[in-house]
Amino acid sequence: MNAIELRPIGTVHSAEKSTDRMSLQGCCAVIEIFPEYAAALEKINENSHLWVLCWFHEARRDVLATSPKRVNPDLPTYGVFALRTPSRPNPIALSLVRLDKVAENRLFVSGLDAVNGTAVLDIKPYYEHDIVFSPRTPEILPLDRQMRKKALEKEAFLHHRESCAGLRIAVRMAQVVQDRWGKLNDDELYVAVTGSACLADVIQGLTRARIANPPRFCFQPSGEIQRSAWRKNDKVISLTWLGDGNLGRMDALPDHELFRIEMS
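Here is the structure:
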């Protein structure tokens, strides 16, 4: 097979210089496109999100199997082609970022998990057909509860596009269930929501539960109550929000002070 030549089209400018300290959720950064490729940015501002392909120059290239220890040291070993680990034969990184601003040959983005000085190989727009609403994936959940919450918050915002009260309540409800049952995108997990449209939208986005094929989700609008009832096999968890007076203190309060929790 003929040799492949890759030429970087830009570089990353980021306040984060250490791969060890890089958040799993990524961070804000500026992608500087080299002048000879500036014409390729024409109309890029018509996109809200981009795929960014980078070359992770600090990653090991001799690793074929590993465990996602930064996420959870108790997880088993996977082949690197079954993970998003930086270590791989060709350390090409694929990151989904939000495009916040375009200024000449600079792209201001958020959610990029590349450190300062990382070479950018290519940029592609994120299209509607890129989404698979309910994919089958392995259960790789962070061991740390706060890390799990941040992942849920990011996923919820990407789906709902508004950081509202309904989103915050839905994320906390989902976390209660995730703590007990694990992965939320599970064909055996069913959820019924009574409450606001925002609550229902976020829970549907986090669970990837459809109303058909298979029917895992149902919604009853209500302005009086915020409740979600979850069922998996023969187990049920019902969570009823105890009042908007707790919204400002959500992060400080335990689950049982936020919800009436009923399990059977």
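For the sequence shown, the working numbering begins at 1 and goes up steadily by one.
Yeah, the Cβ is synthetic: ideal placement off N, Cα and C, and Gly gets one too.
Between which two residues does the alpha helix (DSSP H) holding residue i run?
| i | result |
| --- | --- |
| Q220 | Where Q220 is concerned, there is no enclosing alpha helix (DSSP H), although the beta strand (DSSP E) it sits in stretches over 217-221. |
| G117 | Taken as a continuous stretch (DSSP letters only), G117 belongs to no alpha helix (DSSP H), as it is neither H nor E. |
| Y77 | The identity of residue 77 in the sequence shown is Thr, whereas the question assumes Tyr. First-last for T77: undefined, no H or E at that position. |
Return yes when the Cβ of residue j is within less than 8 Å of the Cβ of residue i, no when it is not.
| i | j | result |
| --- | --- | --- |
| L206 | L152 | yes |
| Y126 | N47 | yes |
| S95 | V132 | no |
| Q175 | T194 | no |
| R266 | L242 | Residue numbering for the chain in the displayed model covers 1 to 264; residue 266 lies beyond these limits and cannot be assessed. |
| I92 | W55 | yes |
| V97 | L24 | no |
| I169 | L189 | no |
| Y37 | I4 | no |
| G223 | G111 | no |
| H13 | N90 | no |
| A114 | A40 | no |
| W181 | K149 | no |
| D244 | A165 | yes |
| S134 | R84 | no |
| S265 | E262 | The question about residue 265 has no answer here: the residues shown for the chain are numbered 1 through 264. |
How many whole angstroms separate the CB atoms of residue i and residue j, which I take to be in contact at a CB cut-off of 8 Å?
| i | j | result |
| --- | --- | --- |
| V202 | W230 | Not quite, the Cβ-Cβ distance comes to about 14 Å (not below 8 Å), so this is no contact. |
| L75 | P86 | 16 Å between Cβ atoms; not a contact. |
| L270 | A156 | A question about residue 270 goes unanswered here, because the residues of the chain that appear run from 1 up to 264. |
| T11 | H57 | Contact flag wrong, Cβ pair sits at about 11 Å. |
| S264 | V236 | 5 Å |
| D234 | P214 | That belief does not hold up - the Cβ atoms of D234 and P214 are roughly 17 Å apart, past 8 Å. |
| R172 | L258 | 6 Å |
| F217 | Q226 | F217 to Q226, Cβ: 16 Å. No contact. |
| A65 | V80 | 7 Å |
| L6 | L121 | 6 Å |
On the DSSP bridge assignment, give the partners of residue i in chain order.
| i | result |
| --- | --- |
| S95 | V52 |
| E262 | S238 |
| I131 | Its beta-bridge partners do not exist; DSSP assigns none. |
| P125 | L50 |
| V266 | Nothing in the structure corresponds to residue 266, since the chain is present only between 1 and 264. |
| S228 | V193, L239 |
| K101 | F108 |
Note the first and the last residue of the continuous beta strand (DSSP E) segment covering residue i.
| i | result |
| --- | --- |
| V109 | 106-112 |
| V12 | 10-13 |
| V193 | 189-195 |
Task: Complete runs of the alpha helix (DSSP H) confined to the segment 17-50 [at least 4 residues] - done: none
- [ ] Counting only runs of 4+ residues fully inside the segment 141-181, write out the alpha helix (DSSP H) ranges in chain order.
- [x] 145-160, 165-181
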